[in-house]
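Just so you know, the protein sequences line up as chains A and B, in that order.
Residue 79 is where the first sequence starts when you use the numbering used here, and the numbers rise one by one after that.
Residue 101 is where the second sequence starts when you use the numbering used here, and the numbers rise one by one after that.
The C-beta atom is built at its ideal place from N, Cα and C for all residues, glycine as well.
Given the structure is predicted, the values throughout are model-derived calculations rather than measurements.
Some notes on the structure that comes next.
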Amino acid sequence: MNTAASPPALHATSVRRHFGTGSRTVHAVAGVDLEIPRGEIVALLGANGAGKTTFLDMVLGFTTPTAGTLTVLGASPKAAVGAGRVGAVLQTGGLLHDLTVRETVAMVASCHAAHIPVDAALERAGATGIGRRKVRQCSGGEQQRLRFALALLTEPDLLLLDEPTAGMDVRARKEFWETMQTEAERGRTVVFATHFLQEASDFADRIVLMRDGRIVVDGPVDEVTRAGQRTLSGVWDGARSPEEVAADLGIDEVVHTSGRVRFTAEDTDGLARVLLSEGLAHDLSITAASLDDVFLDLTAGDSPEDRLGAAPAVEAAPEAVGTGR
Amino acid sequence: MTSASTAHRAATTTTPVTHRSAARRIAGYAGWELLRNVRMVESTFFIVVLPTVLYIMFGALSSWGDGEAGHGNVSAYNMTAMAVYGATMATSAIAGSAAIERQQGWGRQLGLTGLGGSGYMVGKILVALGIALLPIVVIFVVGALTGARFDEGWMWPASGGLALLGAIPFALYGLAAALLFRSEAAVSAASGILVVLAFFGNLFMPLTGTLLTIAKFTPVYGIASLTRWPQLEGAVVDTSGGAPAGDPLWAIVLNVGAWTVVFAVLCLIASRRSTRRG
Chain A
79 MNTAASPPAL HATSVRRHFG TGSRTVHAVA GVDLEIPRGE IVALLGANGA
129 GKTTFLDMVL GFTTPTAGTL TVLGASPKAA VGAGRVGAVL QTGGLLHDLT
179 VRETVAMVAS CHAAHIPVDA ALERAGATGI GRRKVRQCSG GEQQRLRFAL
229 ALLTEPDLLL LDEPTAGMDV RARKEFWETM QTEAERGRTV VFATHFLQEA
279 SDFADRIVLM RDGRIVVDGP VDEVTRAGQR TLSGVWDGAR SPEEVAADLG
329 IDEVVHTSGR VRFTAEDTDG LARVLLSEGL AHDLSITAAS LDDVFLDLTA
379 GDSPEDRLGA APAVEAAPEA VGTGR
Chain B
101 MTSASTAHRA ATTTTPVTHR SAARRIAGYA GWELLRNVRM VESTFFIVVL
151 PTVLYIMFGA LSSWGDGEAG HGNVSAYNMT AMAVYGATMA TSAIAGSAAI
201 ERQQGWGRQL GLTGLGGSGY MVGKILVALG IALLPIVVIF VVGALTGARF
251 DEGWMWPASG GLALLGAIPF ALYGLAAALL FRSEAAVSAA SGILVVLAFF
301 GNLFMPLTGT LLTIAKFTPV YGIASLTRWP QLEGAVVDTS GGAPAGDPLW
351 AIVLNVGAWT VVFAVLCLIA SRRSTRRG
């Protein structure tokens, strides 16, 4: 078994995608470099409009980059998808409402060159019970399970999930991630886009955060959540500025959010003592730095100059993109 | 569905498939789509049942059915009329709903398979032709069994083939409606308008006078006259006793050609509008 020469699941170099022309150009993806080796589980985070969906569209071959190179499992995206090596659960993947769940899987299966039995796909996705139900009678979570069954039909080497648990209740979400765990253990590479940061930190090996069409954070989950760091937030009422105090104490990070000031430091107890004894702040709260904080920080508003200068990054309307037009 | 394909379908539910050729994939997709469409009772009613019933009422059971009309009888004239009606309804609805399902995202699910964009189109065309053939075959069989008569045998397949051919411009018609208005309601409205066009196409009561003159410029009139050419050779049936001038072949072909171009241009305009990001 030749494991050394296996091409990466995804390899993107300076990938760009813009829409429109002239002053109304929208740079949905503005220069993305990303390499994902086989077997890795990556969470793709970012606010709406950050470029996640456009980037995933390019990985699936629905749209082509306007610049840069993008290979999937060593081949072009369209070739990889056509060969059944990529499976995806898409938010914008429509379903036919008059078919039953089972019929949908059977119909899509007949469009594949090679696939596992329909029953097996339904079972792996936990959709055997709803097999006879018409799609229009299925809840949002049940329809997601159907999409998941469709994604697993070809035993793809790469699984892309775009907000896979949106619309699911807590139990359904738990079952979904248990199923995903099984799939990951089979050696699949999984890339999932999500707003649920808990999912990202629980399930992913690596976090990639996009903003304005670029990757701003890319690293192991631990690094990104800065294990060991804690945050202290409070309402400021000191005469000195928080930045001054931070500089004095050797703290690098001070953030102002919604009326409170937040410091990220290791010795938050020491900081608390200083703030309270010198009357610099009140209503203090100390927590371990969480992914939420990191996310909010990194997706918070740009500095005023950035906001005025940059073109807005807007996600393309998905229905205008057909099968590789 | 043949027994071979049902056996195949049963096999894929419990055993894996290791290689399926592009042709088999298109056939599999088209097969499922055919089954799906026939199962949709609402549309099958309007495409197959209604025209057949109308034929039986006005063509087979009526007293004037046996009267002469060109190279056949009046029943045959009504039969081809209803076949044209069913076939155009079929292609218009199939093309329209195909565009709508792509807009609603089903195209993306199919885009993740090995079917490909061209495979999808070929599959849909096969389905449209299959569904359009349904009313033609059913009504012709019913017609043959109830006394519709052509003078010569070749007129049966000729009329049937022309009805199928004439349904093609109306695929473009349905597609344009879906691309322009982007909703299922629009496709239903287009079917409704098609009923009015069918009236002007001289498919129901024979038109006379000014109405007839106007009708000659409408799209269904052209394809209806073309389908009737084997039997009537352009003559216009008139129940009021007059003898209106027939239509020369070039005029009929011009009508069909011009309207095909109009629908095609509408589709192009509409598709350009939908991909523009404003």
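Top-ranked residue by Cα proximity to residue i, from the options
{"i": "A:D111", "options": "A:L327, A:S92 and A:R210", "result": "A:S92"}
{"i": "A:L134", "options": "A:R116, A:R94 and A:A324", "result": "A:R94"}
{"i": "B:L134", "options": "B:W329, B:L312, B:V149 and B:A198", "result": "B:A198"}
{"i": "A:A203", "options": "A:A87, A:C189, A:E261 and A:T103", "result": "A:E261"}
{"i": "B:R373", "options": "B:G247, B:A122 and B:L279", "result": "B:L279"}
{"i": "B:V174", "options": "B:L366, B:L215 and B:W164", "result": "B:W164"}
{"i": "A:K212", "options": "A:A227, A:L173, A:A244 and A:T144", "result": "A:L173"}
{"i": "B:T246", "options": "B:A127, B:T152 and B:V141", "result": "B:T152"}
{"i": "A:R308", "options": "A:T149, A:P320, A:S363 and A:R264", "result": "A:S363"}
{"i": "B:E201", "options": "B:A335, B:T327, B:K224 and B:P330", "result": "B:K224"}
{"i": "B:F317", "options": "B:A271, B:D338, B:W329 and B:T360", "result": "B:T360"}
{"i": "B:A285", "options": "B:A193, B:G243 and B:G322", "result": "B:A193"}
{"i": "A:T232", "options": "A:G160, A:V294, A:D280 and A:F373", "result": "A:G160"}
{"i": "B:Y273", "options": "B:A169, B:F146, B:V356 and B:V241", "result": "B:V356"}
{"i": "A:A343", "options": "A:S311, A:S355 and A:V183", "result": "A:S311"}
{"i": "B:L265", "options": "B:G219, B:M305 and B:L326", "result": "B:L326"}
{"i": "B:V184", "options": "B:F250, B:L366, B:A277 and B:I231", "result": "B:I231"}
{"i": "B:Q204", "options": "A:A184, A:M185, A:V179 and A:H175", "result": "A:H175"}
{"i": "B:I380", "options": "B:L229, B:A263, B:A123 and B:I239", "result": "Any question about residue 380 of chain B goes unanswered here, given that chain B covers just 101 to 378."}
DSSP three-state assignment for residue i, whether helix, strand or coil
{"i": "A:L88", "result": "strand"}
{"i": "A:S188", "result": "coil"}
{"i": "B:L337", "result": "The sequence shown places Val at residue 337 of chain B, rather than the Leu named in the question. Residue state, collapsed to three classes: coil."}
{"i": "A:T178", "result": "strand"}
{"i": "A:G98", "result": "coil"}
{"i": "B:G214", "result": "coil"}
{"i": "B:V361", "result": "helix"}
{"i": "B:I194", "result": "helix"}
{"i": "A:K78", "result": "This structure gives no information on residue 78 of chain A, because the portion of chain A shown stretches from 79 to 403."}
{"i": "A:G204", "result": "coil"}
{"i": "B:F317", "result": "coil"}
{"i": "A:A145", "result": "strand"}
{"i": "A:G22", "result": "For chain A, the structure presents residues 79 to 403; residue 22 of chain A sits outside this window and is missing."}
{"i": "A:W314", "result": "strand"}
{"i": "B:E252", "result": "coil"}
{"i": "A:E220", "result": "helix"}
Residues that residue i contacts on chain A, provided the C-beta gap is smaller than 7 Å
{"i": "B:V117", "result": "A192 and H193"}
{"i": "B:M140", "result": "D176"}
{"i": "B:W164", "result": "Result: empty, since nearest Cβ-Cβ is about 41 Å, beyond 7 Å."}
Buried/exposed call for residue i, threshold 16 Cβ in 10 Å
{"i": "B:S291", "result": "buried"}
{"i": "A:D252", "result": "The residue asked about is misnamed: residue 252 of chain A is Lys in this sequence, not Asp. Label assigned to A:K252: exposed."}
{"i": "B:R139", "result": "exposed"}
{"i": "B:H119", "result": "exposed"}
{"i": "B:L47", "result": "Because residue 47 of chain B is not part of the residues shown, which for chain B are 101 to 378, the question remains open."}
{"i": "B:A351", "result": "exposed"}
{"i": "B:G301", "result": "buried"}
{"i": "A:D235", "result": "buried"}
{"i": "B:M157", "result": "exposed"}
{"i": "A:T147", "result": "exposed"}
{"i": "A:L177", "result": "buried"}
{"i": "B:L275", "result": "buried"}
{"i": "A:A158", "result": "buried"}
{"i": "B:L349", "result": "exposed"}
{"i": "B:E252", "result": "exposed"}
{"i": "A:L354", "result": "exposed"}
Contact set between residue i and chain B, taken where Cβ atoms lie within less than 7 Å
{"i": "A:M258", "result": "Per Cβ cutoff of 7 Å: no residues; A:M258 is ~18 Å from chain B at best."}
{"i": "A:V186", "result": "Q209 and T213"}
{"i": "A:G162", "result": "G214"}
Listed by chain order, chain A residues near residue i by CB distance under 8 Å
{"i": "B:E201", "result": "G172 and L174"}
{"i": "B:Y129", "result": "M185, S188 and C189"}
Closer than 9 Å at the beta carbon, the chain A residues around residue i
{"i": "B:W350", "result": "Going along chain A, no residue has its Cβ under 9 Å from B:W350, so there is no contact; the nearest lies around 38 Å."}
Chain B residues whose Cβ lies nearer than 9 Å to that of residue i
{"i": "A:L168", "result": "G205, R208, Q209 and L212"}
{"i": "A:L138", "result": "R208, G211 and L212"}
{"i": "A:V159", "result": "G211, L212, T213 and G214"}
Chain B contact residues for residue i, given Cβ-Cβ distances below 8 Å
{"i": "A:L177", "result": "R136"}
{"i": "A:L228", "result": "Q209 and L212"}
{"i": "A:V150", "result": "Those do not exist, as A:V150 stays about 13 Å from chain B at its closest Cβ, beyond 8 Å."}
{"i": "A:V295", "result": "Per Cβ cutoff of 8 Å: no residues; A:V295 is ~29 Å from chain B at best."}
Neighbour flag for residue i against chain E, beta carbons, 7 Å
{"i": "B:R373", "result": "Included in the structure are the protein chains A and B, with no chain E among them."}
In chain order, each alpha helix (DSSP H) run of at least 4 residues that lies wholly inside the region 264 to 307 of chain A = As far as the region 264 to 307 of chain A is concerned, its whole alpha helix (DSSP H) runs of at least 4 residues are 275 to 281 and 299 to 302.
task = Please specify which runs of the beta strand (DSSP E), each continuous and at least 3 residues long, are wholly inside the region 133 to 189 of chain B, giving them in chain order.
result = Counting only runs of 3+ residues, no beta strand (DSSP E) is found wholly inside the region 133 to 189 of chain B.
Completely contained alpha helix (DSSP H) runs for the region 325 to 367 of chain A, where each covers 4 or more residues = 346 to 355
ask   = What alpha helix (DSSP H) runs, 4 residues minimum, are completely inside the region 233 to 264 of chain A?
value = Entirely contained in the region 233 to 264 of chain A, the alpha helix (DSSP H) runs reaching 4 residues are, in chain order, 248 to 263.
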